[in-house]
Structures are given as C-alpha cells and as structure tokens.
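Enquirer: Submitted below is the structure of interest, expressed as structure tokens.
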Amino acid sequence: GGFTVGEGATLTLEAGVVIKIVSPDELSFIINGTLKTEGTKEEPVVITSWYDDDYGGDMNDDGVCEPENASSTAACPFPGSWKQLMFTQQSEDSSLSHTIIRYGGRWSDDMDFKAMVVVNSSDVAFENVTIEYASKHGLILFNSESVITNSLFQENNTGFDATGIVITGGAPTIVNSTFKNNRYGLYTSGAPSLVARGNIFTDNIAEA
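Here the sequence shown stands for residues 0 to 207, where the numbers follow the numbering used here.
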C-alpha cells in the first residue's frame, strides 16, 4: 500500500541504507512530514528497484543482472520499476545528501505529476544527489523554492518529453549540477525567479 511519513514525523536514513521497492504497482513513497537522508560519498543512501543488484546485492536471489550476457536469466532493473517519491505541501525541512534515486517514475494518465521525484509546493534541500533512469521526468518542482547543489541528473530519457528537471512556478536554486544524457536537460515554466548557475549540460538527446 505504499509508505507514508506523517505530518510532524521525521524519517532519517543513515549512510549506506538501501531501500528497494518491490513492485511497479505499489503506491508511492509519500512524505507529509520530514525525510532526511544522511549518506556519504563512500556510503550513499539509495532508493531503487528490487531488481537493482548494483546496490544491496542480489536481494531477489535470481542471480546478478548481466545485460550483456544473452544466456542470463536474472531480472534487470528498468525505468518505471517503481512509482514515485513525493514531498507534499505538508512536508517541511526535508533534506537529501549523497543520495541516489533510480529506476522509478512509473506513471499513468491520471497522475498529476509524472516523475520519479516530486516536490509539490514545499521545499527540499538536495546536495550531491543523483536522479537517474526515470521512466519520464527525473524531478518535478512545483511551486517550490528547493535548493539543488552538486547533483547529477542523467539517463532520464524514456519518452518523447522526458526531462531531468521540470520546474513550474516557484523560485528554486540549481547550482553546480550536471544534466547528462536526458531527453531534455531542464524545462522551466512560470518561474522567473529561478536561479541556475554553474551547471553543465552534456549529451542531452533533444536539447539542454
């Protein structure tokens, strides 16, 4: 049924914690309170697919994913292996540090926000965060003043409009971050107070 951090509650994920979400059909990971991830460069916090053997090992016990091995029967992770990490309007003081979020973003037409990570009318601090292999958009910031520093948005390219970050409204700050091999790097609408500086756009398929 998904997982919710309630208003007034704080979930802290320590360095090295790996969360694997089992099914694409599970409900989203909802933050109404506070989420703090305290990873390090050597031991990041990871939120990923049950099939991702790169972090936490072969937890589904079907062998290690080998996409280059035609005879391998092990399942491999894919964009959209799980749904969404959502920070709601009630969320306060959330911060993600040295965190990797990958292979999520399963969406349907009735969803308001089609992204692996969504910040809806609240603010989150992202520092040294990697958002990759989403099935549509990596991150949506809606009416948010989130601050993103030294982060990486890459391989978010499944779909004709897939984008590393989509910004609608608000006044976020994005500095010293890299957008690599997305369909589009960054898309912004109605956010004239956006601050974006020192960022690198490289090999995005359609345009920066």
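A virtual CB, placed ideally from N, CA and C, is assigned to each residue, including glycine.
Source: prediction; values computed, not measured.
Could you check if G197 is buried or exposed, using at least 16 other CB atoms within 10 Å of its CB as the buried criterion?
Expert: G197 is exposed by the Cβ-count criterion.
Enquirer: With respect to the beta strand (DSSP E) encompassing F152, which residues constitute its N-terminal and C-terminal limits?
Expert: That run of the beta strand (DSSP E) goes L151 to Q153.
Enquirer: When you measure from the CB of L84 to every non-hydrogen atom of the ligand PLP, does any distance come out below 6 Å?
Expert: The ligand content of the structure shown is nil, which means the ligand PLP is not present either.
Enquirer: Check for me: the beta strand (DSSP E) holding A114 runs from which residue to which?
Expert: A114 to N119 is the span of the beta strand (DSSP E), which, as asked, contains A114.
Enquirer: What's the C-alpha gap between I173 and Y50?
Expert: Approximately 31 Å between the Cα atoms of the pair.
Enquirer: Sorted by chain position, which residues of the same chain lie with C-beta nearer than 6 Å to T201's C-beta, five sequence neighbours on each side aside?
Expert: Same-chain partners within the cutoff: K179.
Enquirer: At what residue ranges does the stretch 64 to 120 contain a whole run of the beta strand (DSSP E), taking only runs of 3 or more?
Expert: With a minimum length of 3 residues, the continuous beta strand (DSSP E) runs that stay inside the stretch 64 to 120 are 84 to 86, 93 to 101 and 114 to 119.
Enquirer: Label S134 either buried or exposed according to how many other C-beta atoms from any shown protein chain fall within 10 Å of its C-beta, with 16 as the threshold for buried.
Expert: With 16 or more Cβ atoms within 10 Å of its Cβ, S134 is classed as buried.
Enquirer: Is it the case that the Cβ atoms of G89 and N31 are separated by a distance below 7 Å?
Expert: It is Gln, not Gly, that sits at residue 89 in the sequence shown. A contact, by the Cβ cut-off of 7 Å.
Enquirer: Find the nearest neighbour of F159 within the set I139, V194, N181 and N142, judged by alpha-carbon distance.
Expert: For the residues I139, V194, N181 and N142, the minimum Cα distance to F159 belongs to N181.
Enquirer: Taking the alpha carbon of Q153 as the point to measure from, which residue in A170, L140, G184 and V165 has its own alpha carbon closest?
Expert: Nearest C-alpha to Q153: G184.
Enquirer: Rounded to whole angstroms, what is the Cα-Cα separation between S94 and D53?
Expert: S94 and D53: Cα-Cα distance of roughly 24 Å.
Enquirer: Taking the C-alpha atoms as reference points, what is the distance between E37 and T148?
Expert: E37 and T148: Cα-Cα distance of roughly 15 Å.
Enquirer: What are the boundary residues of the beta strand (DSSP E) that V4 is part of?
Expert: Where V4 is concerned, the enclosing beta strand (DSSP E) stretches over F2 to V4.
Enquirer: Take D122 and list the residues in its own chain whose beta-carbon comes closer than 7 Å to its own, dropping the five residues that flank it on each side.
Expert: So the qualifying residues of the chain are S143, E144 and S145.
Enquirer: Where do the ends of the beta strand (DSSP E) carrying T162 lie?
Expert: Here the beta strand (DSSP E) through T162 covers T162 to T167.
Enquirer: Please go through the stretch 14 to 72 and give each complete beta strand (DSSP E) segment of 3 or more residues, from N-terminal end onward.
Expert: DSSP runs (the beta strand (DSSP E)) wholly in the stretch 14 to 72: 17 to 20, 28 to 30, 33 to 37 and 44 to 48.
Enquirer: Go to K135, then tell me how far its beta strand (DSSP E) extends in each direction, as first and last residue.
Expert: That residue, K135, is in no beta strand (DSSP E); it is neither H nor E in DSSP.
Enquirer: Do S22 and G1 have their CB atoms nearer than 7 Å?
Expert: Not closer than 7 Å, so no.
Enquirer: Starting from G208, trace the beta strand (DSSP E) in both directions and tell me its first and last residue.
Expert: Absent from the structure is residue 208, since the part of the chain shown begins at 0 and ends at 207.
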